[in-house]
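Each number in my numbering corresponds to the 1-based position in the first sequence with 19 added.
C-beta atoms are modelled at their ideal positions from N, C-alpha and C, and glycine is treated no differently.
In this text, all values refer to a predicted model and were calculated from it rather than measured experimentally.
To start, the structure itself, in structure tokens.
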Amino acid sequence: MKALMPSFNYEKAAKAQEIMANLIDDVGLSDRKYEKILGLDASYLNDLSCSVAVLYNARKGKVIKVSSALLKNKVPYVPGFLGFREASAFLASAQEIDLSDVDLILVDGHGRFHPRLAGSAVQVGLVLGKPTVGVAKKPLKAEKIDERGYVWLKGRVVGKVLNEPKGAKRLYISVGNEISLEDAFEVVKLLRPGKGLPVPLNIADRLSRRLMEYALRRSEKGYIRRFGLRRKQAS
DNA sequence: GCGACAG
DNA sequence: ATCTTGTCGC
20 MKALMPSFNY EKAAKAQEIM ANLIDDVGLS DRKYEKILGL DASYLNDLSC
70 SVAVLYNARK GKVIKVSSAL LKNKVPYVPG FLGFREASAF LASAQEIDLS
120 DVDLILVDGH GRFHPRLAGS AVQVGLVLGK PTVGVAKKPL KAEKIDERGY
170 VWLKGRVVGK VLNEPKGAKR LYISVGNEIS LEDAFEVVKL LRPGKGLPVP
220 LNIADRLSRR LMEYALRRSE KGYIRRFGLR RKQAS
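Put into structure tokens, the structure is as follows:
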């Protein structure tokens with residue numbers, strides 16, 4: 020059977036992740052203020068990904084700017100290699116955002132909480148050279164999650180479980196780049212007034228879905244032809 | 001062979 | 001991620 024992407028080599032990708040893991044700055048600047056936050060999330064349909072970037076002013080509680088990108092996926096989803104599939108989509112959606120105007124980037128997915136300590140948030144953080152945090156709804160394999168919610172992997176702390184506010188679904192927070200785990204945890208906690216995702220990610224999540232639906236509805240104007248989609252069979 | 005396994 | 005009906009709860 021023909022591989023989906025002959026040029027993608029998982030062994031080399033794993034090596035690249037190990038290199039990236041060594042480049043992470045998990046200290047950051049201690050006096051940093053995180054006011055303008057960029058949230059990155061994506062939804063999927065067949066071979067398409069729709070990524071949305073939401074720039075949010077946390078102090079004013081207002082959205083500053085939104086941008087998006089609809090792309091054809093080049094890499095299949097394989098656990099542990101998600102970054103190679105969706106980092107390009109994230110970066111494309113953030114193309115029109117002025118990064119000098121961004122204090123922190125929230126990525127839907129893991130950061131250092133990853134088998135090779137280099138999840139998609141690490142990848143985005145290193146490419147953009149910005150403080151980045153991974154926010155995931157499900158855990159990856161961990162060696163231990165202690166009573167204070169710290170996630171352990173390879174003998175070190177790689178993430179922290181966010182259980183607030185009360186009754187909210189747990190989120191797994193980890194460093195992407197240029198920030199400490201404690202700062203990452205506190206920022207996400209402040210950005211989560213309700214039970215859902217932190218505000219910028221919540222907005223990006225809902226928008227990416229709506230934009231994908233929009234793209235499908237107007238598929239007769241070229242999306243199906245351009246991307247090779249097929250309508251679902253009526254049953 | 002079976003289970004694990006972000007989005 | 002996405003596919004999906006009814007159902008429990010604020």
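Rounded to whole angstroms, the gap between the alpha carbons of Leu-59 and Leu-67 is 16 Å. Taking the Cα positions, Lys-163 is about 42 Å away from Ala-234. The bridge partners DSSP lists for Arg-104 come to none. Every alpha helix (DSSP H) of 4 residues or more that sits fully in the region 192-238 is shown, in chain order, as 200-209 and 218-236. Close CB contacts of Arg-211 within its chain, under the 8 Å cut and outside five residues either way in sequence, are with Leu-181, Glu-183, Pro-184, Ala-187, Leu-190, Pro-217 and Val-218 (chain order).
Here the region 36-49 lies against the region 135-151, with 3 or more beta-carbon pairs under 8 Å apart.
Assignment of Tyr-75 by DSSP, reduced to helix, strand and coil, places it in the strand class.
Across the set Ala-106, Ile-83, Lys-52 and Met-39, the C-alpha of Ala-106 shows the shortest separation from the C-alpha of Cys-69. Residues of the same chain with a CB within less than 8 Å of the CB of Gly-168, apart from the 5 flanking positions on each side, are Lys-179, Val-180, Leu-181 and Asn-182 in chain order. In the three-state scheme derived from DSSP, where H, G and I count as helix and E and B as strand, Lys-149 is classed as coil.
The region 149-159 and the region 120-131 touch, with no fewer than 3 CB-CB distances between them shorter than 8 Å.
No Cβ-Cβ contact shorter than 8 Å links Ile-83 with Lys-52.
The C-beta distance from Leu-118 to Leu-147 rounds to 6 Å, short enough to meet the 8 Å contact threshold. DSSP places Ala-161 outside both helix and strand once states are collapsed to three, so it counts as coil. In terms of Cα proximity to Ser-112, the closest of Ser-86, Val-194, Gly-195 and Val-143 is Ser-86. Within the DSSP bridge table, the entry for Arg-175 names Leu-172 as partners. Taking Gln-36 as the centre and dropping the five residues before and after it, the same chain places the C-beta of Arg-135 and Ala-137 closer than 6 Å to its C-beta, in chain order. The C-alpha of Gln-114 lies about 12 Å from the C-alpha of Leu-57. Between Gly-47 and Glu-232, the C-beta gap is not smaller than 8 Å, which leaves the two residues out of contact.
A straight-line Cα-Cα distance of about 15 Å links Arg-175 and Gly-195. Looking at Ile-38, Glu-30, Ala-33 and Asp-122, the one whose alpha-carbon comes closest to that of Val-206 is Asp-122.
When only Cα atoms are considered, Ala-72 and Leu-220 end up about 9 Å apart.
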